[in-house]
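Asker: Before I ask anything, here is the structure I am working with.
Okay, structure coming up:
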């Protein structure tokens with residue numbers, strides 16, 4: 011490990027040079043943070059971070075998260091200089107261009123050394139809480155020989171100001187996640203100017219009050235940085251290190267000002283910076299001695315990896331850890347047999363209860379399932395006999411009490427999933443998905459296998475009224491690419507949707523579940539929900555109508571079809587638990603389920619916008635206003651969502 015300041019300074023300047031050259035070439039980007047935090051990052055990577063650049067997926071590596079993702083050139087420079095295969099210097103030359111892995115903000119699906127996608131400020135820290143939580147849980151299960159690493163974060167003022175930071179900091183302090191260390195780029199600058207324009211809070215006091223260890227250092231004094239990082243690593247609490255830095259350090263005419271935050275330095279200032287730093291190398295070139303010092307930073311990690319591999323070879327639990335880290339599910343034979351037996355039953359329960367019944371089976375057979383709820387455990391039905399609490403006193407537990415922290419919960423689950431070894435699920439009310447929507451979006455963007463259990467999915471929750479009754483929420487979830495949205499109609503579909511969610515390695519899932527009881531509509535069929543939509547009831551009279559519905563409204567569709575059949579109008583009923591899976595079927599199947607030569611009618615207790623893609627110019631029956639406060643059955647009648655009110659509308663349309 012390199013500790014000689016005479017070597018560290020040129021190494022840090024290599025980061026500065028790559029950052030200013032890449033941003034200048036792209037004519038776009040943020041040079042200020044990479045240049046300001048170059049000294050801190052150099053100490054971290056050369057003296058503290060455990061990594062093997064030849065094995066970016068080694069499960070016991072330290073995790074490095076650049077929460078201040080706008081400063082993406084910092085992590086790109088670090089990965090390239092320390093010997094990772096990606097990004098290459100050619101990638102860095104094409105920073106922010108279409109065919110380069112060096113995107114404007116770090117993307118986990120483009121570069122193996124990037125642990126998570128960052129950019130939306132605060133979410134990097136919040137995901138880091140999930141990474142650190144996953145490490146402690148797996149350590150409790152597999153021991154120090156197999157799981158023993160830290161999570162290091164570089165964050166800026168924006169990350170610490172965002173509201174999610176409060177949620178993340180509180181959760182980490184409560185859980186005592188001492189392997190989490192946040193290095194704060196304390197440069198006193200935001201885009202608008204000096205931080206005094208917008209904040210006067212005592213940041214260290216806030217973290218300390220939340221159960222964190224806090225310390226400070228001169229972010230340009232290598233010895234002081236090393237002292238603070240060692241102190242943070244040794245403390246049993248999560249740590250915040252305030253690194254006092256100068257934004258844009260090295261640009262003599264612009265450093266310290268807000269204009270260096272997010273704009274290229276310009277050709278003249280780059281010339282001045284090279285002279286100021288004593289950097290004579292051409293753009294994108296690193297002198298051989300400095301390159302060699304950077305490559306040496308990975309040697310300790312390679313040795314640690316080799317020692318870990320030897321321990322794993324002798325550890326009988328290593329294969330199980332490898333299975334979990336690979337994302338492979340254990341045998342599901344017992345699960346499938348149990349769910350198959352449910353077809354012969356007749357269970358009238360809310361789908362939130364159906365989810366609990368399914369989870370009792372799933373959590374008993376899949377030990378990597380770790381659940382939780384944002385203070386709604388009894389309403390979300392997310393806790394099972396197999397998921398004791400995960401606490402600071404017992405990290406082996408499998409249930410996290412997140413508190414009223416919906417956004418923080420969602421981001422932490424992303425971190426847990428991206429760390430590997432855990433499949434997280436967490437619950438809140440569907441209407442509160444608004445609080446965590448940006449983290450759900452990041453779940454989808456990052457291909458994270460996270461399951462969101464969103465209950466009380468319609469006006470069916472009743473008397474709580476319009477503030478708690480989701481109207482646009484299911485449809486808004488369907489707008490997010492790479493997100494599976496399930497709205498099951500009964501206990502059988504709920505079990506199927508859980509199976510489908512867990513089987514999808516690279517796709518997060520939403521389960522929208524009812525508060526009110528629903529009858530069991532399915533008594534046969536094998537995993538029909540995998541098609542996204544299927545014919546639940548076939549017309550007996552000549553078919554003139556196809557009614558497609560989701561969730562609690564499938565029962566209403568069945569009753570409506572009965573009224574139509576009684577008048578000689580043949581009506582199919584199609585249950586559509588997943589738009590996404592139905593859209594993935596071939597054209598012939600979709601045309602068979604939703605034929606074009608009959609009246610197509612949709613029924614869903616939410617906004618009607620969007621249903622036109624399935625019913626064309628047919629009827630879209632739903633709610634395009636806010637709800638109201640009353641018992642569920644009264645509300646369904648009030649909004650016209652009953653068979654007695656829907657059947658006449660269909661008959662009028664057919665007339």
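Numbering (the numbering used here), first residue to last: 11 to 665. For each residue, glycine too, the CB sits at the ideal point set by N, CA and C. Bear in mind the structure is a predicted one, so any value in this text is a computation, not a measurement.
(1) From 102, 404 and 456, pick the residue whose C-alpha is nearest to that of residue 423; which is it?
(2) Which residue from 510, 509, 466 and 399 puts its Cα closest to that of residue 441?
(3) Out of 342, 333, 325 and 464, state which residue places its alpha-carbon closest to the alpha-carbon of residue 383.
(4) Do you know offhand how far residue 118's Cα is from residue 654's?
(5) Quickly, what does DSSP pair residue 611 with across the bridge? List them, please.
(6) Measuring straight from C-alpha to C-alpha, what distance separates residue 435 and residue 452?
(7) When you compare the segment 302-312 with the segment 231-249, are there three or more beta-carbon pairs, one atom per stretch, that lie closer than 8 Å?
(8) So residue 561 and residue 499 are supposed to be a Cβ contact under 8 Å. How far apart are they, rounded?
(9) Give the straight-line distance between the Cα atoms of residue 477 and residue 644, rounded to the nearest whole angstrom.
(10) Are the beta-carbon atoms belonging to residue 418 and residue 412 less than 8 Å from one another?
(11) If we count the other Cβ atoms within 10 Å of its Cβ and call it buried at 16 or more, is residue 534 buried or exposed?
(12) Is it buried or exposed, residue 341, if we count other Cβ atoms within 10 angstroms and call 16 or more buried?
(13) In angstroms, rounded to a whole number, what distance separates the CA positions of residue 59 and residue 517?
(14) Would you identify the three-state DSSP class for residue 325, choosing helix, strand or coil?
(15) Using a Cβ-Cβ cutoff of less than 6 Å, which residues in the same chain neighbour residue 33 once the five nearest sequence positions on both sides are dropped?
(16) In whole angstroms, what separates the C-alpha of residue 15 from that of residue 232?
(17) Can you tell me which of the three DSSP states residue 434 falls into?
(18) Taking 8 Å as the threshold (C-beta atoms), are residue 405 and residue 149 in contact?
(19) If I follow the unbroken alpha helix (DSSP H) through residue 504, where does it start and stop?
(20) Rounded to the nearest angstrom, what separates residue 73 and residue 399 at their Cα positions?
(21) Can you tell me whether residue 281 is buried or exposed? The criterion is at least 16 other CB atoms within 10 Å of its CB, across all chains shown.
(22) Tell me the residue span of the beta strand (DSSP E) that contains residue 49.
(23) According to the Cβ coordinates, are residue 247 and residue 223 closer than 8 Å?
(24) Just to confirm my understanding: we take residue 201, look at its own chain, exclude 5 residues before and 5 after, and list those with CB closer than 8 Å. What are they?
(25) Report yes or no: do three or more beta-carbon pairs, one from the segment 127-144 and one from the segment 89-101, lie closer than 8 Å?
(26) I'd like to check one pair, residue 260 with residue 23: are the Cβ atoms closer than 8 Å?
(27) Rounding to the nearest angstrom, what Cα-Cα distance links residue 360 and residue 461 in this structure?
(28) Quick one, which of 372, 249, 123 and 354 has its alpha-carbon nearest residue 397's?
(29) Would you tell me roughly how many angstroms separate the C-alpha atoms of residue 626 and residue 536, rounded to the nearest one?
(30) Applying the criterion that 16 or more other CB atoms from any shown protein chain within 10 Å of the CB defines a buried residue, is residue 636 buried or exposed?
(31) Just the C-alpha distance for residue 120 and residue 283, rounded to the nearest angstrom, thanks.
(32) Thinking C-alpha only, which one of 600, 87, 510 and 28 is nearest residue 293?
(33) Thinking C-alpha only, which one of 386, 367, 388 and 394 is nearest residue 380?
(34) Which of helix, strand or coil does DSSP assign to residue 126?
(35) Whole angstroms are fine: how far does the CA of residue 554 sit from the CA of residue 579?
(36) Can you tell me whether DSSP reads residue 478 as helix, strand or coil?
Answerer: Working from what's here:
(1) Translated into positions along the chain shown, residue 423 becomes position 413. Measuring from the Cα of residue 423, the nearest candidate turns out to be 456.
(2) For the purposes of this step, residue 441 is identified with residue 431 of the chain shown, where counting begins at 1. The shortest C-alpha separation from residue 441 is found at 466.
(3) As a first step, residue 383 must be located in the chain shown, where it is residue number 373. Looking at the Cα atoms, 464 is the closest of the given residues.
(4) For the purposes of this step, residue 118 is taken as residue 108 along the chain shown, with counting starting at 1. For the purposes of this step, residue 654 is taken as residue 644 along the chain shown, with counting starting at 1. Approximately 52 Å between the Cα atoms of the pair.
(5) Translated into positions along the chain shown, residue 611 becomes position 601. Paired residue(s): 557 and 629.
(6) For the purposes of this step, residue 435 is taken as the residue at position 425 of the chain shown. For the purposes of this step, residue 452 is taken as the residue at position 442 of the chain shown. Using only the alpha carbons, I get a separation of about 15 Å.
(7) Between the segment 302-312 and the segment 231-249 there are fewer than three inter-stretch CB-CB distances shorter than 8 Å, so the stretches are not counted as touching.
(8) Locating residue 561 in the chain shown gives position 551, where the first residue counts as 1. Locating residue 499 in the chain shown gives position 489, where the first residue counts as 1. Separation of the CB atoms of residue 561 and residue 499 is rounded to 6 Å, and the pair is thereby assigned contact status at 8 Å.
(9) If you number the chain shown from 1, residue 477 lands on position 467. If you number the chain shown from 1, residue 644 lands on position 634. If you take the alpha carbons of residue 477 and residue 644, they lie about 17 Å apart.
(10) Here residue 418 refers to the residue found at position 408 of the chain shown. Here residue 412 refers to the residue found at position 402 of the chain shown. Closer than 8 Å, so yes.
(11) Here the question's residue 534 lines up with position 524 in the chain shown. Exposed is the call here.
(12) In the chain shown, the residue the question calls residue 341 occupies position 331. Looking at its Cβ environment, which holds fewer than 16 other Cβ atoms inside 10 Å, residue 341 is exposed.
(13) Within the chain shown, numbered from 1, the residue matching residue 59 stands at position 49. Within the chain shown, numbered from 1, the residue matching residue 517 stands at position 507. One C-alpha to the other measures close to 30 Å.
(14) Stepping through the chain shown from its first residue, residue 325 is reached at position 315. In the structure shown, residue 325 sits in coil (DSSP, three-state: anything other than H, G, I, E or B).
(15) Translated into the one-based positions of the chain shown, residue 33 becomes position 23. The residues are 39, 41 and 274.
(16) Numbered from its first residue, the chain shown carries residue 15 at position 5. Numbered from its first residue, the chain shown carries residue 232 at position 222. Rounded to whole angstroms, the gap between the alpha carbons of residue 15 and residue 232 is 7 Å.
(17) By 1-based counting over the chain shown, the position of residue 434 is 424. Secondary structure of residue 434 (DSSP, three-state): strand.
(18) Within the chain shown, the letter at position 139 stands for residue 149. Within the chain shown, the letter at position 395 stands for residue 405. Yes, the Cβ-Cβ distance between residue 149 and residue 405 is below 8 Å.
(19) Taking the first residue of the chain shown as 1, we reach residue 504 at position 494. Its alpha helix (DSSP H) spans residues 501-513.
(20) As a first step, residue 73 is located in the chain shown; it is residue number 63 there, counting from the start. As a first step, residue 399 is located in the chain shown; it is residue number 389 there, counting from the start. Each residue's Cα considered, the two are about 25 Å apart.
(21) Position 271 of the chain shown holds residue 281. With fewer than 16 Cβ atoms within 10 Å of its Cβ, residue 281 is classed as exposed.
(22) Within the chain shown, residue 49 is the residue found at index 39, counting from 1. Unbroken run through residue 49 is the alpha helix (DSSP H), 48-53; no beta strand (DSSP E).
(23) The sequence position of residue 247 within the chain shown is 237, counting from 1. The sequence position of residue 223 within the chain shown is 213, counting from 1. Yes. Within cutoff.
(24) Residue 201 sits at position 191 when you count from the first residue of the chain shown. 268, 271 and 272.
(25) no
(26) For the purposes of this step, residue 23 is identified with residue 13 of the chain shown, where counting begins at 1. For the purposes of this step, residue 260 is identified with residue 250 of the chain shown, where counting begins at 1. Taking 8 Å as the Cβ cut-off, residue 23 and residue 260 qualify as a contacting pair.
(27) Numbered from 1 along the chain shown, position 350 holds the residue referred to as residue 360. Numbered from 1 along the chain shown, position 451 holds the residue referred to as residue 461. If I take the Cα positions, the gap works out to 19 Å.
(28) For the purposes of this step, residue 397 is taken as residue 387 along the chain shown, with counting starting at 1. Closest by alpha carbon: 372.
(29) What you label residue 626 is simply residue 616 of the chain shown in a count that begins at 1. What you label residue 536 is simply residue 526 of the chain shown in a count that begins at 1. About 30 Å.
(30) If you number the chain shown from 1, residue 636 lands on position 626. Residue 636 should be labelled exposed.
(31) Position 110 of the chain shown, counted from the start, is the residue given in the question as residue 120. Position 273 of the chain shown, counted from the start, is the residue given in the question as residue 283. The straight-line gap from Cα to Cα measures roughly 31 Å.
(32) As a first step, residue 293 must be located in the chain shown, where it is residue number 283. The candidate whose alpha carbon is nearest that of residue 293 is 28.
(33) As a first step, residue 380 must be located in the chain shown, where it is residue number 370. Closest by alpha carbon: 394.
(34) Stepping through the chain shown from its first residue, residue 126 is reached at position 116. In the structure shown, residue 126 sits in coil (DSSP, three-state: anything other than H, G, I, E or B).
(35) Mapped onto the chain shown, residue 579 falls at position 569. Mapped onto the chain shown, residue 554 falls at position 544. So the two alpha carbons sit approximately 6 Å from each other.
(36) Residue mapping note: residue 478 aligns to position 468 of the chain shown, counting from 1. Three-state DSSP puts residue 478 in coil, outside helix and strand.
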